[in-house]
């Protein structure tokens, strides 16, 4: 379907190029709409002279124009289908209209053509609006980018021509042109369109950025890390294209039935014409009854019952950050009766966060002072745990002091001079003398720069060991902090539970009738601690990828339809084996995103039960549509066979049922149709 798009732009920051707004297809740009309007206009012009007894050449020419403008396109498509040895409903409608005209029912035939063309136009508009709703998420990446040359010069190039290794300059207020890594500059980037984060994210050298996200007030130099065709935006585009090419099993079944039904309907129409004629009925009456039968028995409404609800559900889910790759997926989501959840990156955020700041008594430090010293020393480090400490200090508004003589050794700790004092952070097993601490999870990138740190002086009345044990039992990684060789406190760092995790588990339990299962490669203790906090009792921990697949297949063998939600490479086999797989978009690996049937782009776990509920709503609408379509056909056919059904009334009833089921399916496009997500 060709369409012209409304190229609107949004106000842009001064000095930057305007940013395209999501484009919306104009109804008049669709050829189906233009032809339908032309047919309707000619029909309305022909109606007064026909009803008032005007000259036949006038209303005849106008009616002929209505036949041509409204019927040529469905007639052409029907002939194409006939050449492929399939019988298309469009062709049957055109034949019925011409048959009505042949027996003198010119007005009735023209009315059929106009209503049928209008129905097709409404379907085309609905399809275009659905595509617009999804495409609004995709029109993000800018068309051009500023590429930096080896000699320092700049050139403006098509963003699609960028290659891995190119360096691009992103000015304040511009959209980033490619997925890549920041190699210079610092800024804040609004990633809400990709990750759903409500606040801009600070970006500096080494940070990853995504095509289509909006740069803040600073300038960034970004080294392209992925080909434009493999960017996050491009992968989303491919998912939507796949969704538009695939059809749900119900739709495929209906299309198979349609072919047989259409052939049977033609044979029945011939019988409806021939049998009364053989028993003495006149030709006009028999032909009119046969034409009416063919119109009212056509399965247009049945065929249109399935796809509008599913496509509308796909569009609505896309607007809320869940991209279903096909109508098959949207249908399957509502069929699940068991759910398996991954832990890290799914139930948890997948990013270390500072959970505890515990200064030791007698050190003269409160929590903020201890955190300030630790963050000042950790600031030069790029380790995720170090970043968690620094981020926590920034969140509290603490001013960090410069760190001199910084040194880091993997597995040991970091050391830096802060305000003239030697500050050390690292694993208690390395920095504290008590051998008990050897069981505490080490800080992988921390170290003590001096051998004497392994023999830190610990006074019995100021022993950090109880704090370390307490944090470890709570599931945190303990980080010891020393000042000039003396322990002054302990920090706790952990992967924080998603705020909506417990509510999501409860919502999935209500939807499926059984609590989700936790499948994780993490240790049993950590898994059960997280499961207990969200209400999961069935925990399978320490699993290898093939063991996750075995668990899913065992449930499937029992007749369950399993939904797997995960984010990592180790989740990909289970995502592929499940009845339906959903990947968390922000932390999800490329393999998981490619394998999953649906992706939660905004990384909101609560969207999972919401899209399952939306899928079930779409199924209910499909059933409603089939009942409506079947009832209309049964009543109209019975009326025509056992009574006298006027052709205009038959046309209105048939096309009215088609429009009705189409509009009923489009109800899921409304924003209110999206189920309210579970909230923590």
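In our numbering, the protein residues as written are -1 to 678.
Each residue gets a CB set at the ideal place from its N, CA and C atoms; glycine is no exception.
These numbers come from a predicted model, not from an experiment.
With distances taken from CA atoms, which of the options is nearest residue i?
| i | options | result |
| --- | --- | --- |
| residue 168 | 603, 179 and 360 | 179 |
| residue 113 | 485, 649 and 349 | 649 |
| residue 293 | 367, 310, 263 and 305 | 263 |
| residue 469 | 425, 482, 505 and 497 | 425 |
| residue 303 | 376, 621, 647 and 635 | 621 |
| residue 415 | 398, 375, 395 and 493 | 375 |
| residue 362 | 171, 272, 485 and 162 | 485 |
| residue 626 | 652, 612 and 311 | 652 |
| residue 99 | 61, 79 and 73 | 61 |
| residue 140 | 152, 162 and 177 | 177 |
| residue 487 | 551, 44, 593 and 466 | 466 |
| residue 532 | 538, 66 and 516 | 516 |
| residue 482 | 501, 421 and 462 | 421 |
| residue 171 | 162, 210 and 202 | 210 |
| residue 460 | 359, 269 and 418 | 359 |
Between residue i and residue j, how many whole angstroms is the CB-CB distance? I'm expecting something under 8 Å.
| i | j | result |
| --- | --- | --- |
| residue 643 | residue 290 | 5 Å |
| residue 681 | residue 325 | In this structure the chain extends from -1 to 678, so residue 681 is not present and cannot be described. |
| residue 182 | residue 224 | The pair is not a contact, with the Cβ atoms about 19 Å apart (cut-off 8 Å). |
| residue 603 | residue 344 | 7 Å |
| residue 564 | residue 549 | So it is not a contact: roughly 13 Å between Cβ atoms. |
| residue 33 | residue 115 | 6 Å |
| residue 338 | residue 560 | 6 Å |
| residue 619 | residue 674 | The Cβ separation is near 19 Å, so there is no contact. |
| residue 166 | residue 144 | 6 Å |
| residue 310 | residue 667 | 5 Å |
| residue 577 | residue 334 | 6 Å |
So, with DSSP's three-state summary, where would you put residue i?
| i | result |
| --- | --- |
| residue 564 | strand |
| residue 332 | coil |
| residue 206 | strand |
| residue 174 | coil |
| residue 404 | strand |
| residue 472 | coil |
| residue 532 | helix |
| residue 512 | coil |
| residue 141 | coil |
| residue 228 | helix |
| residue 463 | helix |
| residue 541 | coil |
| residue 679 | There is simply no residue 679 to check, as the chain begins at -1 and stops at 678 in what is shown. |
| residue 660 | helix |
| residue 644 | coil |
| residue 393 | helix |
| residue 283 | helix |
| residue 163 | coil |
| residue 47 | helix |
| residue 417 | coil |
| residue 373 | helix |
| residue 668 | coil |
| residue 604 | coil |
Return the bridge partner residues of residue i from the DSSP annotation.
| i | result |
| --- | --- |
| residue 30 | According to DSSP, which records beta bridges pairwise, residue 30 is partnered with nothing at all. |
| residue 319 | For residue 319, which the question treats as bridged, DSSP gives no partner whatsoever. |
| residue 350 | 493 |
| residue 582 | 598 |
| residue 679 | With the chain covering only -1 through 678, there is no way to say anything about residue 679. |
| residue 185 | 201 |
| residue 338 | 515 and 562 |
| residue 153 | 145 |
Distance check for residue j and residue i, CA to CA, integer angstroms please.
| i | j | result |
| --- | --- | --- |
| residue 160 | residue 173 | 15 Å |
| residue 328 | residue 472 | 40 Å |
| residue 306 | residue 342 | 37 Å |
| residue 288 | residue 555 | 51 Å |
| residue 385 | residue 512 | 39 Å |
| residue 336 | residue 514 | 7 Å |
| residue 693 | residue 526 | Nothing can be reported for residue 693: it is not among the residues displayed for the chain, which extend from -1 to 678. |
| residue 267 | residue 629 | 19 Å |
| residue 544 | residue 572 | 8 Å |
| residue 400 | residue 490 | 23 Å |
| residue 523 | residue 540 | 10 Å |
| residue 95 | residue 156 | 51 Å |
| residue 314 | residue 608 | 11 Å |
| residue 437 | residue 430 | Residue confidence for residue 437 is low, a pLDDT of 38 falling below 50, so the modelled location carries little weight; the figure read from the coordinates is stated next. So the two alpha carbons sit approximately 12 Å from each other. |
| residue 43 | residue 28 | 23 Å |
| residue 74 | residue 68 | 11 Å |
| residue 39 | residue 50 | 18 Å |
| residue 507 | residue 104 | 60 Å |
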